[in-house]
Amino acid sequence: MLTYCLRRLLYSIPVLLVASFLLFGFVRSTFDPTSRLRASRDPSVVQAERDRLGLNDPLVVQYGSWLKDAVSGDLGVSSRTNEDVSSMLWRAMGKTLQLIVIGAFVSAFIAVGVGVFSAVRQQSVPDYLITGLSYVGVAMPPFWFGLIAIQVFGVQLGWFKFVGLHSGDSTAYDVDYLKHLVLPVATLCVQIVASWSRYERASMLDALGADYVRTARAKGVPRYKVIFKHALRNALIPLVTVMALDIGALFGGLIITEQIFSIGGMGRLFLDALLQGDVYVLEAWMIVVAALIILFNLFADVIYGILDPRIRLS
Amino acid sequence: MRRQRRGVQLLALVFCFGLLAAACGSDKKATGNAASGSSSSSSAAVPKGGTLTIGAEQEPDCADWVGTCGGSSWGFWMMQVQTMPRAFDVLKDSSGTYSYKPSIVLKGEPTLETSPKQKVTYQISDQAVWNDSKPITSTDFKYTWDQVANGTAIYDRTGYKDIESVDDSNPKVAVVTYKNTYADWKSLFGGQFGILPSHILQGQDRDAMMKDGYTFSGGPWVIQQWAKQDSITLVPNPNYWGTKPSLDKVIFKFQADTSAEFQAFKAKEVSVVYPQPQLDAVDQIQAGIPDTQKIVSTETGNFESLWINNSKAPFDDVKVRQAVAFAIDRKALVERLFGGLGVHDPLQFINAGINKAYEQTDAFAKYVKDLKQVDTLLTGDGYAKGSDGIYAKGGTKLSFTVRSTAGNKRRELTEQVLQQQLKDAGIDMQIDNAKAGDLFGSILPQGDFQAGIYAQVLTALTPGNCTLFCSSNIPKSPDFSGNNWTRTSNPELDTLLATVDSNLHESARTTAAKKAQTILSDNMNTLPIDPLPNVLLWSNKVVGPVGDNAILGPFFNINEWGISA
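Respectively, the protein sequence lines represent chains D and E.
First residue of the first sequence: 436, per our numbering; consecutive thereafter.
First residue of the second sequence: 16, per our numbering; consecutive thereafter.
Now the structure itself:
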């Protein structure tokens with residue numbers, strides 16, 4: 436398994452190199468990090484800044500310089516804020532992690548419950564209702580749901596808060612924090628729950644129709660034990676794989692949610708950096724997000740093998 | 016296994032309880048009458064204590080005001096103005112005119128000598144101290160000059176590079192001698208940069224010490240915390256020698272955009288907002304927001320124009336430029352954009368409203384919609400109207416493309432209105448918008464446009480238009496630095512605008528500025544559109560002399576604000 440993991444990681448290196456070079460080239464040719472200085476009355480400032488940032492060097496030289504530092508662990512300094520890129524990433528990652536961990540937990544909890552219920556009550560009215568709602572959930576754009584949720588639950592009813600993760604300058608994890616979490620987590624969960632619950636329903640139906648479940652029933656095992664101990668355990672295996680893949684992708688995929696709720700996570704970091712042509716931040720962001728996706732993909736493969744010993748990684 | 020399962024159940028229970036508690040524990044919605052007049056202040060007594068939360072549309076890049084990362088307007092309003100001492104304040108007098116007034120850092124008006132060299136002597140107040148009780152001295156003036164004039168990665172050396180020396184032999188008297196005359200000397204040792212504390216920064220890496228916020232202050236507030244991507248917190252400076260803050264704390268909470276800011280304001284998550292006058296903001300203000308007050312100010316440091324590339328056809332022809340100006344109904348346009356805010360009249364000079372004292376304020380008033388004039392000008396120039404109703408000359412249609420910032424709804428509406436008005440007059444206008452970074456980073460500096468719609472924002476009370484219209488500031492390859500993007504080139508204008516920038520006599524500057532404005536109008540180098548109003552909204556809970564300052568921003572006197580229970 437170790438060889439398998441190492442091989443997968445090695446395969447990802449050339450992909451990362453090509454992707455990072457393309458990103459570097461696209462950003463450098465599209466966004467000018469000195470554009471914010473055009474308002475300065477001092478015409479020499481733009482040229483001085485171009486010299487300082489090395490923008491007059493050929494693209495390959497600029498990229499090479501960045502790569503050399505990056506492989507030695509130095510992700511550089513933001514051209515926009517003069518701040519260490521690594522500290523910017525850590526800070527943003529902390530906020531995104533809060534959303535992802537809580538969102539994934541809530542989504543898994545609801546999706547498994549809904550999927551099991553739907554499978555057990557297959558072709559009943561509640562099943563049709565849940566199926567319909569799932570399609571709505573999958574089709575609903577997160578930004579639309581988020582804005583409606585803000586308007587209804589934030590502005591009109593005033594139940595929840597929607598600016599950042601804390602009120603004022605608080606950093607406490609208290610009721611106020613929960614009030615801030617509800618709407619972004621709900622926005623994050625809507626699509627995920629809809630999709631995960633469909634997976635869970637399908638695998639649960641497979642499991643409920645399997646021989647070992649029929650055997651357990653024939654042996655007189657109580658219904659709840661058959662569902663939760665025999666069927667659900669096996670039905671979770673495909674869902675765990677999907678969850679691992681989805682969670683990995685979420686690290687870079689919360690741009691809209693974070694923007695709507697003014698949360699300074701990875702999504703907003705990406706957007707701010709992109710609009711300002713802050714290439715070092717974008718490169719570091721891409722590397723971290725890609726590494727997380729690769730790791731979670733790897734984790735999905737490994738966990739699949741662990742959960743189902745019949746599968747061997749090779 | 017059983018224990019594990021119980022753990023999960025318990026966790027789920029706790030989480031669900033948390034959600035319930037969060038839902039049930041919500042604030043009660045405030046009720047009351049709408050009160051959204053245009054009063055500039057609330058006369059209620061200012062209570063002591065409390066925390067005020069303000070919505071901030073942008074997070075600054077850094078707090079090193081001198082450095083290239085320090086040019087953010089919001090950073091200036093939220094932190095610089097509150098913490099950095101300055102030689103001059105920009106204040107509005109009883110007649111509504113903005114002017115420089117010596118700040119409490121000085122004992123009074125500095126002495127200006129004009130010959131043999133320009134020399135300014137600042138007498139520093141004995142009470143002026145930093146928050147660590149160390150006095151503000153002439154060495155701080157000297158250090159500030161040295162950093163701006165000689166430092167690396169500096170945002171703007173204008174003025175400072177004209178200084179020859181700063182004499183700090185007397186700690187309470189700073190004598191600044193200029194090698195080149197600089198008329199706008201009052202904007203130095205203040206303005207965007209303030210005065211830097213030499214006793215803290217001398218010999219240190221200034222940028223490293225300031226960029227993420229700093230603990231020193233010579234203003235009413237101290238930066239307690241800058242939680243990146245979230246908020247900035249200010250607390251009172253206990254050693255401030257002016258009016259001490261009434262509030263215990265001010266928090267600027269960063270908002271994703273204007274819409275989010277409005278939602279947060281309506282939900283009372285923030286008590287004050289200073290939104291950009293975008294269309295949806297104007298609509299919401301017009302509809303009224305309960306329990307709030309507002310100020311709409313047209314005398315601002317901003318102005319929007321139809322900026323014309325004078326070097327590119329068809330605008331290399333003055334008659335075409337004039338015809339376009341006569342084809343546009345600017346009053347109707349401004350009414351459509353800002354009528355809901357009570358702003359009805361177009362700007363009639365090319366400069367920010369706060370500089371009106373220097374300008375010929377009716378210079379462009381002659382350009383009102385007049386289709387007869389359009390026809391006279393264009394037919395006199397060899398154009399003839401085609402069967403499609405568009406003028407053409409030598410088989411070429413009179414057509415141009417306007418470029419602006421993509422996604423800005425207000426500017427998109429401006430373009431649509433202009434397109435229709437020009438079409439009615441027989442001129443074809445196409446629209447090709449670009450991302451702000453591309454527009455200001457390359458398209459405008461490189462002259463890759465015929466006309467553009469964007470705003471200029473003043474950061475100092477200076478009437479000089481040389482940056483925008485002197486031929487020496489036309490961007491040139493390879494770096495395309497210089498801000499004369501309209502490629503205006505007129506020797507007479509150059510001389511006049513140079514006088515405005517360098518003459519130390521106010522009357523001479525004013526005369527030259529007014530004459531320059533007339534030349535700009537006669538040649539129709541660019542068409543001013545609107546003053547781009549500032550809008551400040553605040554909850555009725557906020558009391559004190561709430562108002563807007565076109566240069567120092569809306570929070571310039573927040574030390575005098577309070578919040579009622």
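All C-beta atoms in this analysis are idealised placements derived from N, C-alpha and C, irrespective of residue type, glycine included.
Since this is a predicted model, take the numbers as computed values, not measurements.
Assigned with DSSP and collapsed to three states, D/F461 falls in helix. DSSP lists E/T66 as the beta-bridge partner residues of E/K264. Here E/T152 is not near E/L552, since their CB atoms are 9 Å or more apart.
Here DSSP, grouped into helix, strand and coil, assigns D/Y612 to helix. Under the 10 Å beta carbon count, D/I741 is surrounded by fewer than 16 other beta carbons and is classified as exposed. For D/V656, DSSP assigns no beta-bridge partner whatsoever. Within the same chain, Cβ atoms closer than 8 Å to the Cβ of E/Q207 are found at W80, G85, G86, F91, Q95, Y170, D171, T474, A475, the five residues on either side in sequence being excluded.
Judged by DSSP in its simplified three-state form, D/V560 adopts helix.
Of all residues in the stretch 467-495 of chain D, only D467, T469, S470, R471, L472, R473, A474, S475, R476, D477, P478, S479, V480, V481, Q482, A483, E484, R485, R487 come within less than 8 Å of chain E when Cβ atoms are compared, listed by chain position. Here E/T411 carries a strand assignment [DSSP, helix/strand/coil].
The criterion of a C-beta distance shorter than 9 Å is not satisfied by E/D220 and E/A168. Rounded to whole angstroms, the separation of the alpha carbons of D/L600 and D/Y612 is 6 Å.
By the CB criterion at 9 Å, E/G397 and E/K408 fall inside the cutoff. By the Cβ rule, the stretch 564-577 of chain D counts as touching the stretch 622-636 of chain D, because three or more pairs are nearer than 8 Å.
E/D385 and E/A440 have their C-alpha atoms spaced approximately 9 Å apart.
Membership of E/Y469 in the beta strand (DSSP E) is indicated by the continuous run 466-472. Per DSSP, reduced to three states, the secondary structure at E/Q138 is strand.
A contact is defined here as three or more CB-CB pairs under 8 Å, and the stretch 478-498 of chain E fails this definition with respect to the stretch 298-315 of chain E. Going by beta carbons, D/G699 and D/L623 fall outside the 9 Å limit. Burial state of D/A574 is exposed, judged by a 10 Å Cβ sphere holding fewer than 16 other Cβ atoms.
Of all residues in the stretch 712-732 of chain D, only G712 place a beta-carbon less than 8 Å from a beta-carbon of chain E.
Cβ proximity to chain D below 9 Å picks out G82, T83, C84, G86, S87 from the stretch 81-95 of chain E. Scanning its chain for C-beta atoms nearer than 8 Å, with the 5 sequence neighbours on each side dropped, one finds around D/C440 the residues L733, V737, in chain order. E/R418 and E/K149 have their C-alpha atoms some 52 Å from each other. Scanning chain E for C-beta atoms nearer than 9 Å to the C-beta of D/R515 yields D76, C77, C84, reported in chain order.
Contact annotation: E/P569 and E/V105 have beta-carbon atoms that are not nearer than 9 Å. Under DSSP, E/Q301 shares a beta bridge with no residue.
Contacts with chain D at 9 Å (Cβ-Cβ) do not include E/K424. Secondary structure note for D/L680: its alpha helix (DSSP H) is the uninterrupted segment 667-685. Beyond the five residues adjoining it in sequence on each side, E/P329 comes within less than 7 Å, by CB distance, of V335, L413, F415 in the same chain, given in chain order. Boundaries of the alpha helix (DSSP H) harbouring E/I534: 521-537, taken from the DSSP string. Annotation: D/P493 to E/W160 spans about 35 Å, alpha carbon to alpha carbon. E/I446 has E/V417 as its beta-bridge partners, per DSSP. E/R524 is a Cβ neighbour of E/T514, given a cutoff of 9 Å. Where E/S153 is concerned, the enclosing alpha helix (DSSP H) starts and stops at 153-165. Per the coordinates, the alpha-carbon of E/G82 lies some 36 Å from the alpha-carbon of E/K530.
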